[in-house]
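Numbers in our numbering are just positions in the sequence shown, counted from 1, shifted up by 861. Single-structure report; data block below.
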Amino acid sequence: MQLQQSVSAKMPAQKVIVWEALDATDPMTKAASQLYEKTLAADERIPWMWIEQSVQDRTKSKPRPGGWSRHLLLAAPEGRQDDPDALAGYVYGALLPGYGGYLCYVGVADWARRMGVGGRLYEQFFKVLRVDAGELGEPLPFVIWESHRPDPLAPAADWENWTARTRLFDRVGGLWVDGVDFLSPNFAADEEDDDVPPVPLQLFVKPLDSPESAFTPERLREVVGGLHERVYHNQPGSVLFDSTLPVACEPRLRPARAAGAQKSERGELV
Ligand SMILES: CC(C)(COP(=O)(O)OP(=O)(O)OC[C@H]1O[C@@H](n2cnc3c(N)ncnc32)[C@H](O)[C@@H]1OP(=O)(O)O)[C@@H](O)C(=O)NCCC(=O)NCCS
862 MQLQQSVSAK
872 MPAQKVIVWE
882 ALDATDPMTK
892 AASQLYEKTL
902 AADERIPWMW
912 IEQSVQDRTK
922 SKPRPGGWSR
932 HLLLAAPEGR
942 QDDPDALAGY
952 VYGALLPGYG
962 GYLCYVGVAD
972 WARRMGVGGR
982 LYEQFFKVLR
992 VDAGELGEPL
1002 PFVIWESHRP
1012 DPLAPAADWE
1022 NWTARTRLFD
1032 RVGGLWVDGV
1042 DFLSPNFAAD
1052 EEDDDVPPVP
1062 LQLFVKPLDS
1072 PESAFTPERL
1082 REVVGGLHER
1092 VYHNQPGSVL
1102 FDSTLPVACE
1112 PRLRPARAAG
1122 AQKSERGELV
């Protein structure tokens, strides 16, 4: 599937093509692995091998009933889809039947930033998941994703990237789940290493077949709990699940840019 569209008014002469990676050995898929490792911190990412495996599995077998339907989408300027140096960005995620969409990772090459590529990848990902859900005869109530807000003392570049992220999320209609620090395992730690603290993530939801008003605090607790259960295999009663959703927690949706708190000169979030 190849889809063409102008990227944005900022890049009028160039079209970007977004397509699905179906060959893990393709140089473009390899280029995506390099971009992935370059643009995301080690504690935010799973091993690329797992993503590669899911690319291979798509061509070999149909997803089993109820199983995840995973997609890696790539973007490059028209006519350069075979040039690894021209890879503009990627997005990876899945439909989780009976739950919703889960966008795991997105990244745009330095040279292609602020040209609408990130927005384009999100929109295309939403469309692909709609097709998946339609094939199952299911609605697609929402797509959810996580993002790590930098530590208050993190370098300015990390805060700049956080601003870019929250603006992008805003642009694609994502809403911040205020009131929840989603505690996820640290993928950079060894499995036996119990001392590495979990990574607190902010969550963002794009309402699709469910209106924004359907995401009451109770529903949001279900959505957040569902993410723990389905993605991280943490059940109620486990430390990470219960620390993410303490009894008094009342999540609510707010504009994504409200999550883009800035660092004051004294290093506080304002
Ligand atoms: C975050 C990221 C994906 C944005 O991709 P992008 O292609 O540059 O985003 P877009 O061009 O589609 O821009 C989307 C919005 O964000 C804004 N934006 C993008 N970069 C920005 C920056 N550095 N500062 C301020 N705003 C920025 C754009 O202006 C646009 O908003 P607008 O439409 O209101 O003008 C990209 O910076 C990136 O790959 N960062 C590193 C990896 C990462 O953080 N991934 C996200 C993991 S959750």
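Built from N, CA and C at the ideal position, the CB exists for glycine as well. Treat the numbers as computed from the prediction; the structure is a model and nothing was measured.
Within its chain, find whatever has a CB closer than 7 angstroms to the CB of residue i; leave out the 5 residues flanking it on each side and keep chain order.
| i | result |
| --- | --- |
| residue 997 | 958 |
| residue 892 | 945 and 948 |
| residue 1071 | 1002 and 1003 |
| residue 1087 | 960 |
| residue 1092 | 963 |
| residue 802 | Here the chain covers residues 862 to 1131 and nothing more, so residue 802 does not appear. |
| residue 1077 | none |
| residue 1029 | 979 and 980 |
| residue 1062 | 1007, 1008, 1009, 1043 and 1045 |
| residue 1104 | 1044 |
| residue 1040 | 1110, 1111, 1112 and 1113 |
| residue 930 | 924, 955, 956 and 993 |
On the CB-based measure, 16 or more other CB atoms within 10 Å of its CB, does residue i come out buried or exposed?
| i | result |
| --- | --- |
| residue 932 | buried |
| residue 925 | exposed |
| residue 1094 | exposed |
| residue 884 | exposed |
| residue 1074 | exposed |
| residue 1023 | buried |
| residue 993 | buried |
| residue 1112 | buried |
| residue 923 | exposed |
| residue 972 | exposed |
| residue 921 | exposed |
| residue 995 | exposed |
| residue 1006 | buried |
| residue 1060 | buried |
| residue 1033 | buried |
| residue 970 | buried |
| residue 1108 | exposed |
| residue 890 | buried |
| residue 899 | exposed |
| residue 919 | buried |
| residue 1017 | exposed |
| residue 927 | exposed |
| residue 1100 | exposed |
From the DSSP output, read off the bridge partner residues of residue i.
| i | result |
| --- | --- |
| residue 1007 | 1064 |
| residue 963 | 955 and 1005 |
| residue 969 | 950 |
| residue 1038 | 1114 |
| residue 1045 | 1060 |
If I measure Cβ to Cβ from residue i and keep anything under 6 angstroms in the same chain, skipping five residues before and after, which residues do I get?
| i | result |
| --- | --- |
| residue 870 | Low confidence applies to residue 870: its pLDDT is 41, below 50, so where it sits in the model is not reliable, and the reading given next is rough at best. Answer for residue 870: no residue qualifies. |
| residue 1097 | none |
| residue 1089 | 1095 and 1102 |
| residue 989 | 932 |
| residue 952 | 934, 967, 982 and 986 |
| residue 888 | 945 |
| residue 882 | 890, 916, 933 and 935 |
Spatial neighbours of residue i within its chain, please: CB distance less than 8 angstroms, with the 5 preceding and 5 following residues excluded, ordered by chain position.
| i | result |
| --- | --- |
| residue 1116 | 1031, 1036 and 1037 |
| residue 907 | 965 and 1048 |
| residue 886 | none |
Closest Cβ-Cβ distance between residue i and chain D: below 8 angstroms?
| i | result |
| --- | --- |
| residue 910 | Considering every chain present, this structure includes no chain D. It has just one protein chain. |
Any chance you could list the alpha helix (DSSP H) runs of at least 4 consecutive residues sitting entirely within the segment 1078-1114, in chain order?
1078-1092 and 1100-1105
If we require 4 or more residues per run, which alpha helix (DSSP H) segments fall completely within the segment 863-944?
888-900 and 909-921, all fully within the segment 863-944.
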